[in-house]
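Just below is one structure, and these are the notes that go with it.
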Amino acid sequence: MTIPSFMTLVLVLEGVFIALFPFAMSLTSFMALLILYGMTAGAILVLFPVLVLQYVDYSSQSVAMACVGFLSGIISFAIPPMIGHFRDKVGSYDGMFYLTGGVSVVSGGLWLLEPIVVKYYYGKQGKDNDSDVVIKNNFKSLDNGTEKKPS
Numbered sequence: 001m002t003i004p005s006f007m008t009l010v011l012v013l014e015g016v017f018i019a020l021f022p023f024a025m026s027l028t029s030f031m032a033l034l035i036l037y038g039m040t041a042g043a044i045l046v047l048f049p050v051l052v053l054q055y056v057d058y059s060s061q062s063v064a065m066a067c068v069g070f071l072s073g074i075i076s077f078a079i080p081p082m083i084g085h086f087r088d089k090v091g092s093y094d095g096m097f098y099l100t101g102g103v104s105v106v107s108g109g110l111w112l113l114e115p116i117v118v119k120y121y122y123g124k125q126g127k128d129n130d131s132d133v134v135i136k137n138n139f140k141s142l143d144n145g146t147e148k149k150p151s
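Residue numbers for the sequence shown follow UniProt numbering, beginning at 1 and rising by one.
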C-alpha cells in the first residue's frame, strides 16, 4: 500500500470513528471507539517523519519537523474556543465531533490528490510517457553521503 492510499484510509477511518463518538452510549462502545481512534491517530503520528523525509529536501527536514510541532501547537489554541462555542451556543458537543470527523475525512480525501500534485510539482521526465515522474531521493547513506536506493 502506498503512503497516499494509507493516509487516505487512516484519515477517513479516523474521521468516521470521531463522528461515531456521540453514538457511544455505553462504556464498552466508547472504549472500543477510543481504541480504534487511538490506533488511527497513532498511525498518523508515526508517519510524520516519513512524510517529511519523502516530501522535504534533506537540508530543510529539521525545520520542517519543527514546523509540524509549531503548527500543532498553534492549532491547539483553537480547541478551547471551539469547545466553548459548542457548549454555549449549540448546547451539545455532538456537532464538534461531527465537525472534526468531517475535517479528518476531507483531509483523507485530499490525499487522493497527492499523485496529481507530485506530478505537477516535480514535472515529467519524458513528454511522451505520463507515468514517468521525477522524484528526488532523500535516502542518503550515512557512511559516505552517497545516495542509495530505498528498499
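Every residue gets a Cβ at the ideal spot worked out from N, C-alpha and C, and that includes glycine.
Query, Result
"Have a look at Pro-22, Gly-15, Phe-86, Val-50 and flag the residue whose alpha-carbon is nearest the alpha-carbon of Pro-4.", "Val-50"
"What do you reckon, are the CB atoms on Ile-18 and Gly-91 nearer than 8 Å?", "no"
"When you compare only the Cα positions, how much space is there between Trp-111 and Ile-75?", "20 Å"
"Exposed or buried, which one is Tyr-121 when buried takes at least 16 other CB atoms within 10 Å?", "exposed"
"Taking the beta carbon of Ser-104 as the centre, do at least 16 other beta carbons fall within 10 Å, making it buried, or is it exposed?", "buried"
"Thr-40: buried (16+ other C-beta within 10 angstroms of its C-beta) or exposed?", "buried"
"Please state if the CB of Ala-43 and the CB of Val-10 are separated by a distance shorter than 8 Å.", "yes"
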